[in-house]
Every structure is written in C-alpha cells, then in structure tokens.
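Peer 1: For reference, the structure I am asking about is given below.
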Amino acid sequence: MKITAQEEYGLRILIRIGSCKDRDGMSIPQLSETEQLSQHYIAKLTRLLRMSNLIRSTPGNKGGYVLAKPAGEIVIKQVLEALGTPLDKEFTDENGAVMRFCTSSVDCSSRSLWQMIQMTVNNLLERITLLDLVSENEASKTIFDALSPEFLEKK
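For what it's worth, my numbering labels the leading residue of the sequence shown as 4, then goes sequentially.
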C-alpha cells in the first residue's frame, strides 16, 4: 500500500471541510490558504471528492464546499479510494498480470505477509470515519482503540 500526495492532501482537505463550522463551508481560496496548496490543485481534489459524493458545493458569493453526508458516515477507506486506486488491489507482476502461483516457497511466504498486512490496513480504514478525525478529543482514542486486537477481530 502506498499513500499518494493526492490521497494525503485530499484527506486533509476533507478534514478541513468536515471541521468547518460555517454552514456555507470552505471555498477553494480558503482551502488553498489553509493548506498552502495552489487553487488549481484544490479544485482538482474537490472535484474528485464531489464526484464521489463526499462533498457538495454551496451556491452564492460566499459559497464553498460542505460534507455531502454526516462525517460519521464517511469511511476513510472510501475517501482514499475516491482520491486514488483501490487499496486492496491484487498483487501483480511488472506487466500487470495477477500473480496467482508461487514459483518458490519464499515467494509464497512473503506474499502472504504482504496480503495479511494489506488486509489489516483495509480493516482499520473501513472502521475509521471522518468523524473520528475531526473530533479532536476522540480522534487519537478511536485510532488507538482501532489498533487493538479486539477491535480488529470485531468484523
């Protein structure tokens, strides 16, 4: 799993929008200023988030972007997938062919490890919501709870 700059910045923008108390939301210039990113890049990221129904625009001169649904319903795995590629993509060789057969026992063992790590990361990202990240008091507690073996076994 590799988190791209687009996924990182897109998630940060979504956290900013989710934290915004103004009912008109945050505009591209406001997001650009707070995140120190170009307005062009912010527009690209908000477009991806809007097309995935994670945010919506508010009309008018003071309009901006607001969440399209409650923060508790926005799962971080969905956010990352909206901004990039699916996180649980199968392992492929350099030509993009899916690797199904092991040529050596070492290869099988290492692939099993990476698949187990990927499964654990996916499970965690399916349980953390935007609300967990915008609720400053609860964010670290929720994430640390999510790392506990009991939490990971719940699903």
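Don't be surprised by glycine CBs; every beta carbon is placed ideally from N, CA and C.
1. Suppose contacts are defined by Cβ-Cβ distances below 8 Å. Is Leu70 in contact with Gln9 by that definition?
2. Under 8 Å by Cβ, that's how I've got Ile131 and Ile58 pegged, so tell me the actual separation to the nearest angstrom.
3. To which residues does DSSP link Tyr68 through a beta bridge?
4. From the DSSP output, which residues share a beta bridge with Thr132?
5. Below 7 Å CB to CB, which residues in the same chain sit around Arg15 once its five sequence neighbours on both sides are set aside?
6. Are Leu17 and Leu133 close, meaning C-beta to C-beta below 8 Å?
7. Would you mind sorting Gly63 into buried or exposed? The rule is 16 or more other CB atoms within 10 Å of its CB.
8. Go ahead and label Thr49 buried or exposed: buried means 16 or more other beta carbons lie within 10 angstroms of its beta carbon, across all protein chains shown.
9. What residues in its chain sit with their C-beta under 6 Å from that of Gly13, if we drop five residues either side in the sequence?
10. Would you mind giving the Cβ-Cβ distance between Ile45 and Ile31, rounded to the nearest angstrom? I have them listed as a contact below 8 Å.
11. Using a Cβ-Cβ cut-off of 8 Å (strictly less than) and excluding sequence neighbours within five positions of Gln81, which residues of its own chain qualify?
12. Give the single residue among Asp25, Ser22, Glu84 whose Cα lies nearest to the Cα of Thr7.
13. Do Lys72 and Asp27 have their C-beta atoms closer together than 8 Å?
Peer 2: Checking against the coordinates, here is how it stands:
1. For Leu70 and Gln9, no; Cβs fall outside 8 Å.
2. Between Ile58 and Ile131 the Cβ distance is about 18 Å, and since that is not below 8 Å, they are no contact.
3. DSSP, once it has assigned bridges, lists Met29, Ser60 as partnering Tyr68.
4. According to DSSP, which records beta bridges pairwise, Thr132 is partnered with Val78.
5. Hits under 7 Å: Glu38.
6. A contact, by the Cβ cut-off of 8 Å.
7. That one is exposed.
8. The residue is buried, with at least 16 neighbouring Cβ atoms inside 10 Å.
9. Hits under 6 Å: Leu48, Leu86.
10. At roughly 5 Å, the Cβ-Cβ gap stays under 8 Å, so Ile45 and Ile31 are in contact.
11. Excluding sequence neighbours, Gln81 sits near Ser55, Leu57.
12. Restricting attention to Asp25, Ser22, Glu84, the CA atom closest to the CA of Thr7 is found in Glu84.
13. No, these two residues do not count as a Cβ contact at 8 Å.
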